[in-house]
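In what follows, a structure is listed as structure tokens, so that the remarks can point back to it.
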């Protein structure tokens, strides 16, 4: 007997491998998947502007990565509560010193531009179609930075607005990196602050807009993270305590599906070996000075060295340093 509807979808025709460079951008779910790719030593840059939820801000960020010189500090930077913020960056980037802030985000922009230029895969996860537009400049912001709500107009993007924005962005992206593959997904996180009905309308808008957008970019693949959480993991035991975010168990399940469908088969075997190295790093002995643990450490280090000889393109520096 089957008690759930499982997702049946094709594997990515040009899957990710360890030799590629990857850029991942989007919501906190994108952060979860990106963290796991990074943990398994893929050559990844994750959210160079920080977590971003709405597709318009993400499009603005992509345009800046293509041409960083278009960054306008006069319209993007502002001071609030003794810190300098950016309407396009997450609050984790905010600083008390403007010169330091500009130096850090400029350096980060250039590094992310290089990663995008050389990347084989771009992973994009949209979170919400609800956006906040700054009344003064009519700019859709990525983060409100606790600025009073009366300075923003909140509204829900239309399918056409999203598709029209990406029509231009994807044209620029194709010219910038013609070989780039895009893996798209919609975040399974429920934005309950907007209300459950509004959240459902938002997700429906994103799904329909994505159908239109993917037609504009042939090198596209859809990974159904949203559908997995909604249908396969719909019980609330697969949500965190806030009843909105996927639980650790759910994230692990979706990650396993991502590996099976989006990682090249040969590299899935390498990933399994890297996973064992990670497990060894997480091992905490009761007595680190015992001969048994020293033997375990030496044995693991030797396995890592042998692995590196055959797979020098995988950067295991931090693993080897842990056991040295």
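Residue numbers (our numbering): 7 to 330. Don't be surprised by glycine CBs; every beta carbon is placed ideally from N, CA and C. Because the structure is a prediction, the values reported are computed rather than measured.
The Cβ neighbour count for residue 224, taken over all protein chains shown within 10 Å, is under 16; the residue is labelled exposed. DSSP places residue 199 within a helical segment (H, G or I) once states are collapsed to three.
Under the three-state reduction of DSSP, residue 52 is assigned to strand. For residue 306, the uninterrupted alpha helix (DSSP H) run begins and ends at 297-316, by DSSP. Remark: fewer than three beta-carbon pairs, one from each stretch, lie closer than 8 Å, so the region 107-114 and the region 173-190 are not flagged as touching. Looking from the CA of residue 157, the closest CA among 221, 143, 79 and 70 belongs to 143. Taking a C-beta distance under 7 Å as the contact criterion, residue 149 and residue 200 do not qualify as a contact pair. Around the beta-carbon of residue 51, 16 or more other beta-carbon atoms lie within 10 Å, marking it buried.
Counting the other CB atoms within 10 Å of its CB gives residue 268 a total of 16 or more, which places it among the buried residues.
The beta carbons of residue 141 and residue 159 sit closer together than 7 Å. Inclusion of residue 265 and residue 274 in the CB contact set at 7 Å is warranted, their separation being smaller than that value. Boundaries of the beta strand (DSSP E) harbouring residue 32: 27-32, taken from the DSSP string.
In the DSSP assignment, residue 141 falls outside any beta strand (DSSP E) and carries neither an H nor an E. If the five residues before and after residue 21 are omitted, its C-beta is found closer than 6 Å to the C-beta atoms of 268, 269 and 270, all from its own chain and listed in chain order. The Cβ atoms of residue 214 and residue 173 lie no closer than 7 Å to each other. In this structure, the beta-carbon distance from residue 115 to residue 74 falls below 7 Å. With respect to the 7 Å criterion, residue 13 and residue 127 are not classified as neighbours on the basis of their beta carbons. Residue 168 is bridged by DSSP to nothing; it lacks a bridge partner. At the C-beta level, residue 208 and residue 134 come within 7 Å of one another. Taking C-beta separations shorter than 6 Å and ignoring five residues to either side along the sequence, the partners of residue 320 in its chain run 24 and 47, following chain order. The beta-carbon separation of residue 87 and residue 152, rounded to 7 Å, stays under the 8 Å limit for a contact.
Between residue 235 and residue 194, the gap from beta carbon to beta carbon is short of 7 Å. Residue pairing by DSSP puts residue 162 in a beta bridge opposite 136. Look at residue 90 here: in three-state DSSP terms it is strand. Its chain contains 135, 162, 163, 164, 165 and 168 as the residues whose beta carbon lies nearer than 8 Å to that of residue 211, once the 5 sequence neighbours on both sides are disregarded; these appear in chain order.
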